[in-house]
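Worksheet: the structure to be examined is printed underneath.
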Amino acid sequence: MVYLCQFKNEIPLFALKIMTRANIKQFGIAKHVANERRVQSILDHPFIMHFYRSFKDENNIYLLNEYIPGIELFDAIRDIGLLNKNDSQFYISQMILQTEYLHTVHQVMYRDYKPENLIVDDTGYLKLIDFGTAKLNQPGQKTFTIIGTPHYMAPEVISGKGYNQMVDLWSVGIILYEFVCGGLPFGEDAEDPFEIYKEITKKPLSYPSYMSDKTVKIFIEQLLSRIPELRLGGSYQTLKQHAWFKDFQWDVLIAKKLKPAYKPATNKIVTNGQAQVMKKIPILEQMLKDVQYFKKTQPNPKDSEWDYEF
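Heads up: the sequence shown begins at 1 in the UniProt record's numbering, then just goes up one per residue.
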């Protein structure tokens, strides 16, 4: 469960993720929970949710994160409808900056890029959230876990032959297709994961008849190449110089001075008045006090328990 909370009536608000030890044990996800904390603790990027610290008691594990006032990109694009080139560029460029940072600075693969895991904040910009599937993966290494959301999974994840960070660019390609075509390229009407997987691995890419922009088609086809190495085009610098991004102002985007494609309506955003003080959780008040003064706990490397970093 994720709770919105604050220390008494002070600002800022926080998003507190609480996971019970009983559930962690029941579902065998201790390694994933520890990995989520480990990945979040090293990240610091304007388009990625900020992690403050973690805590534990005898019953629960707690992850204290930045609260992002906004709505899921999933809901935003249903308000917008088909996106034009400028609006598509606005969102996709932020995803590329996110993946570039994750992949090149920290060797992190996210593994579940989808509109539900991207928040459009109250300024209209994106924040990537929920690192439960993320994994540190060194250059040249492959991992084999079949994980993610079926419609956004890359073919090499499904094949079980191993994959790397390039799976995230495939997912970004799916999202771009969704932006400009209004639907999904593979398994649009399928509910059975195996039917979706079959289309992802076998079905040729096609477009609606009203799609006439050749440049965006070429870019989508690069991102949705079934040869993972071709998605990047050599480097992130090359990717950002693709013809589809011609004249795009990357520096203005990074400064957050580009006009956003969409801003969530105020009545759709949770406000300070809806935050919970949550005094019923004994550890929480001290947690929030600590965060106010930016204190950090340090893991004990001598502790062999899976939760020693918390």
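In this text, a Cβ means the ideal position worked out from N, Cα and C, and glycines have one as well.
Glu229 is bridged by DSSP to nothing; it lacks a bridge partner. In the displayed model, Asn137 falls within coil according to three-state DSSP, outside both helix and strand.
Annotation: the continuous beta strand (DSSP E) that includes Thr20 extends over Phe14 to Thr20. Ser54 carries a strand assignment under DSSP once its states are collapsed to helix, strand and coil.
Separation of Lys161 and Ala154 (C-alpha to C-alpha, rounded to the nearest whole angstrom) is 12 Å.
Comparing alpha-carbon positions, the option among Asp79, Ile61 and Ser88 lying closest to Leu258 turns out to be Ser88. The alpha helix (DSSP H) runs lying completely inside the segment 120-208 and spanning 4 residues or more are 155-159, 166-181 and 193-202, given in chain order. Each of Asn35, Glu195, Tyr91 and Gln249 was checked against the Cα of Pro115, and the nearest Cα belongs to Tyr91. The beta carbon of Val120 sits closer than 7 Å to those of Gly70, Ile71, Leu73, Ala76, Leu126, Tyr262 and Pro264, all from its chain and outside the five residues before and after it, given in chain order. Asn86 carries a helical assignment under DSSP once its states are collapsed to helix, strand and coil. The beta carbon of Glu199 lies closer than 6 Å to those of Phe186 and Gly187 in the same chain, with the five residues before and after it left out. A direct Cα-to-Cα measurement between Lys202 and Lys240 gives close to 28 Å. Of all C-beta pairs linking the segment 48-66 to the segment 10-30, three or more are shorter than 8 Å, placing the two stretches in contact. Straight across, the Cα-Cα distance linking Pro150 with Tyr113 is about 11 Å.
When DSSP reads this structure, Gly70 sits in a beta bridge with Asp121. CA-to-CA, the gap between Gly124 and Glu178 works out to about 19 Å.
Annotation for Val167: Met109, Arg111, Gly148, Met153, Ala154, Glu156, Val157 and Pro228 place their beta carbon closer than 8 Å to its own, counting only its chain and skipping 5 residues before and after.
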